[in-house]
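Single-structure report; data block below.
Numbering (the numbering used here), first residue to last: 2 to 160.
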């Protein structure tokens, strides 16, 4: 494994350490120490990739690596055509059996999600809206669906 590859691996591993500490709400001092280690590794990687060692992370232009986030995928025109046909077929079958479509927001109030999954859940991604209300991104449709049923007093659904 080359030095650059080894440094990339160390940066990834240290990034995971920092994310875990933040997720576990560790003490700020411990997090700051680990962030400092991460930044030092990133600086070593920058230099190993040909960055100027005398430029201490200043205004040097780094090449932007365009990629999708982990666990996501872009769908091109051909793939979307196939996906659209498949979803259309599925929707038609469900509608023939009396199903209806609902759509819920991609985020929920944090307190609603926390009530279901608990405070230490690793599945919640926190946001704050412009009004200061704490929201979280939904990660599945269970909670939004249950909230929709409760808000609309729906007590029976066709299965």
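Using N, Cα and C, we set each Cβ at its ideal position, and we do this for glycine too.
Alpha carbon to alpha carbon, how far is residue i from residue j?
{"i": "residue 48", "j": "residue 35", "result": "20 Å"}
{"i": "residue 90", "j": "residue 151", "result": "29 Å"}
{"i": "residue 88", "j": "residue 18", "result": "39 Å"}
{"i": "residue 113", "j": "residue 154", "result": "17 Å"}
{"i": "residue 28", "j": "residue 21", "result": "12 Å"}
{"i": "residue 108", "j": "residue 115", "result": "13 Å"}
{"i": "residue 82", "j": "residue 93", "result": "16 Å"}
{"i": "residue 26", "j": "residue 16", "result": "15 Å"}
{"i": "residue 221", "j": "residue 103", "result": "What the structure shows of the chain is the stretch from 2 to 160, and residue 221 is not part of that stretch, so it cannot be assessed."}
{"i": "residue 105", "j": "residue 30", "result": "40 Å"}
{"i": "residue 95", "j": "residue 72", "result": "28 Å"}
{"i": "residue 97", "j": "residue 23", "result": "48 Å"}
Does DSSP put residue i in a helix, in a strand, or in coil?
{"i": "residue 110", "result": "strand"}
{"i": "residue 5", "result": "helix"}
{"i": "residue 90", "result": "helix"}
{"i": "residue 156", "result": "coil"}
What residues are listed by DSSP as bridge partners for residue i?
{"i": "residue 135", "result": "129"}
Would residue i and residue j qualify as a contact pair, given that the criterion is a beta-carbon distance under 8 Å?
{"i": "residue 67", "j": "residue 8", "result": "no"}
With residue i and residue j assumed to form a contact (beta carbons below 8 Å), what rounded beta-carbon distance in angstroms separates them?
{"i": "residue 42", "j": "residue 12", "result": "5 Å"}
{"i": "residue 130", "j": "residue 111", "result": "The Cβ separation is near 10 Å, so there is no contact."}
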